[in-house]
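Below is one structure, written out as structure tokens, with a few remarks after it.
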Amino acid sequence: MASPADRKQEQREAFRADDPAGGPLTTDQGVEVDHTDDSLAAGERGPTLMEDFHFREKLTRFDHERIPERVVHARGAGAYGYFEPYESCAEFTRAAFLQDPAVRTPVFVRFSTVQGPKGSADTVRDVRGFATKFYTSEGNYDLVGNNFPVFFIQDGVKFPDFVHAVKPEPHNDIPTGASAHDSLWDFVSLQPETLHAIMWLMSDRAIPRSYRMMQGFGVHTFRFVNADGKGTFVKFHWKPRLGVHSLVWDEAQECQGRDPDFNRRDLWDAIEAGEYPEWELGVQLVPGEDEFAFDFDLLDPTKIIPEEQVPVRPIGRMVLDRNPENFFAETEQVAFHTANVVPGIDFTNDPLLQARNFSYLDTQLIRLGGPNFSQLPVNRPVAPVRNNQRDGYHQSAIHSGTNYFPNSLGGGCPAHAGAGTSAYTHYAERVDGHKIRRRSPSFQDHYSQPAMFWNSMADWEKQHIVEAFRFELGKVGARTVRARTVEHLAEVDGELAAQVARGVGVPEPSAAKAASKSASPALSLESLRGDGSIRTRQIAVLVTDGVDAEQITSVRERLAAEGAIVEALAATDGTITGSDGETYAVDRALPTVASVLYDAVLLPGGPVGTPPTAADPDAVRFVRDAFRHGKPVGALGSGVGVLSALEPEGLRLSTEFQHVVTDQGVVTDTSPGPASEEFLTAFVDTIAAHRHWGRGPVRR
């Protein structure tokens, strides 16, 4: 007789579904499918057709895979604020919220990672969501974007495949919040259209220092429509006032352990402190008659319009000034949808955008428990809502009267909006073509723009990209996948491919190649340092008994006046006694923090000799890591000796009183007493530059 465990195993066998080998792909109804890479469209560049039952079934099944957590973008942080235009944009769009600089439109913004669940860490290598809900006078407008301007696929019918590939492996649900595994890179190696977004993913853009220091993009080409019905293609850009800054991979990984909420905490704390983050909204505008003026297709979401060809025109600014009161009620229940548009903003036939316009609503129906999620406070528009859509799960209103149109018993209400009102009118565009599953040849160049991205990077950015590829592919067990990916990289740049190949143990490509020599300097982080402010930068001051109190006071006062946040760190919590005999509060104990949580470090001196900080292993490690990660370092008086003891290769340090030396992002002055104005100015400027690359190693 079988044991209970055996009987349970036998019961399970009846439900086992083997890998789908030995037969063609089918729908859930058993209908064989001959093509699953492109949606059914009206012509190669036409809109997706609702009769595509395979597309709808595939997306619907994918949309409903998770409850109640989001399938993607599960881990997020949000805030309220406002948007105000700089001037009227009536020449291009009739959208009311883009007309009057005196009118502020309320917004809610949600930032997120993509791959990991709600419990994953903030600083993983991943795309970041940047979704903005504008509560306009004409209804809600959602600009649902990312911090990359391009996506991994061209047609939304492939979205379930891409997300299944990047999500944890199905057999063991590993890894969490990471793309360094076989299935993602197998997909990438078989889908070269992913390469442009992959280049962004391997760059430092995938590990932002802060949500407040992160760009946002609408990804797709949308359409502005003015009051005369004239259309203009538009791409949306958010640019942070604080500049675009990133972590480096080593510290991003350590942050996951030291503070998995690093980015969420940073956003929350800044707003609570009144340091309201701000972005400028810019647009790239392309007249309708110039649709085919580029060497790529405007409808291709894996392409950008280089800013050197079409400059970004600033049209307004957004400020986030209020944290949510309840994370679940607001940040978790907020629902964004690319199809939430207002008069004056319309779609194009981008096949990924067309799929999103279907998929988002479909997902929200199951995630938020029915069709009335728009009544939740965070989703409710400020514009009045009048329609006959009633009942359903979680209906909070008690309706009366008729619920159909046309009617006479209800006085004909709600009635159609009349001519000349603010009613939404779709852009009139001729559509014709054969019903086909085929991508336009204009979508087929998968290498030129990844090459342009690579060519645009500074040397240190290129080095980080190579290291990222080596890390990611080094986690891939299948060497055939590693080799196939390297072959695609060879089509982007031969030297890139060779460096990656050497790092992951596969043959180097036989011949160096380059898809393009073009470059766009606007893509490099070197071009996006911001306005020179050091507001909200976190500065660590390492202190111990006997520290020069005048130095601490002078530096703290100057950095605080510049808007930086200064914290005194010591071996233990509590207080220390300064050189003046007074006690000073310690903000944090060194064992509870790490250099990766700060933007810069200062080493003050003591009255005689080198202070005990030099003997503290936590302090030594703190300084070594800050130096290694390219962060600004300042040292005063005998504090210079702490830095000198690490024997940094090729670094010039101050060796005489009243002599400030600035070299490779390190500012030193061996003078005792208060920091000089020359030192303070140099240190502030060094912090404003954020990172300083090219330093030699430290020997201790």
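Residue numbers in the sequence shown follow my numbering, run continuously in steps of one, and reach 803 at the last position. For each residue, glycine too, the CB sits at the ideal point set by N, CA and C.
- Around the Cβ of Glu411, a 10 Å sphere holds fewer than 16 other Cβ atoms; the residue is exposed.
- Annotated three-state conformation of Asn366 is helix, per DSSP.
- Along the length of the segment 402-485, whole alpha helix (DSSP H) runs at least 4 residues long occupy 454-470, reported in chain order.
- Pairing Asp258 with Pro414 gives a Cβ-Cβ distance that is not under 7 Å.
- Going by beta carbons, His793 and His348 fall inside the 7 Å limit.
- Less than 7 Å separates the beta-carbon of Ala234 from that of Val247.
- Phe290 and Leu479 have their alpha carbons spaced roughly 38 Å apart.
- Asn243 carries a strand assignment under DSSP once its states are collapsed to helix, strand and coil.
- By DSSP's assignment, Pro188 forms a beta bridge with Gly419.
- The criterion of a C-beta distance shorter than 7 Å is satisfied by Ser292 and Arg587.
- Look at Phe255 here: in three-state DSSP terms it is coil, with no helix or strand label.
- Distances from the alpha-carbon of Ser774 to those of Gly133, Pro487, Leu756 put Leu756 closest.
- Every alpha helix (DSSP H) of 4 residues or more that sits fully in the segment 571-641 is shown, in chain order, as 582-595, 597-607.
- Out of Ile256, Phe262, Phe365, the CA that lies nearest to the CA of Ser223 is found in Phe365.
- Remark: C-beta atoms of Phe546 and Asp369 do not approach each other more closely than 7 Å.
- Excluding sequence positions up to five before and after His795, its CB lies within less than 6 Å of the CB of Gly733, Gln767, Gly768, all in the same chain and listed in chain order.
- In the structure shown, the three-state DSSP call for Trp341 is strand.
- Taking C-beta separations shorter than 7 Å and ignoring five residues to either side along the sequence, the partners of His591 in its chain run Ser292, Pro295, Leu298, following chain order.
- Looking at the backbone, the Cα of Ser477 and that of Tyr530 are separated by about 25 Å.
- By the Cβ-count criterion, Leu512 is exposed, with fewer than 16 other Cβ atoms from all chains shown falling within 10 Å of its own Cβ.
- A direct Cα-to-Cα measurement between Ile637 and Val658 gives close to 14 Å.
- In terms of CA proximity to Pro800, Val726 leads the group Val726, Thr758, Arg312, Ser741.
- When DSSP states are grouped into helix, strand and coil, Phe786 belongs to the helix group.
- With the rule of 3 Cβ pairs closer than 8 Å, the segment 689-707 does not count as touching the segment 323-336.
- Looking at Glu575, Glu241, Leu162, the one whose alpha-carbon comes closest to that of Val607 is Glu575.
- Per the coordinates, the alpha-carbon of Val644 lies some 31 Å from the alpha-carbon of Gly181.
- Looking at the DSSP output, Lys236 shares a beta bridge with Phe211, Asp245.
- Listed in chain order, the non-local C-beta contacts of Leu287 below 7 Å within the same chain comprise Ala268, Val269, local neighbours out to five positions each way being set aside.
- Beta-bridge partners of Tyr183 (DSSP): Phe211, Arg425.
- DSSP places Ser349 in the strand class (E or B) of the three-state scheme.
- With a beta-carbon spacing of about 5 Å, Val743 and Thr771 fall inside the 8 Å limit used to define contacts.
- Look at Arg691 here: in three-state DSSP terms it is strand.
- Non-local C-beta neighbours of Ala438 in its own chain, meaning closer than 7 Å and more than five positions away in sequence, comprise Gln467, Leu471, Phe476, Asn482, ordered along the chain.
- Going by DSSP, Glu168 is part of no alpha helix (DSSP H) at all; its letter is neither H nor E.
- Assigned with DSSP and collapsed to three states, Lys261 falls in helix.
- The three-state reading of DSSP puts Lys538 in strand, counting E and B together.
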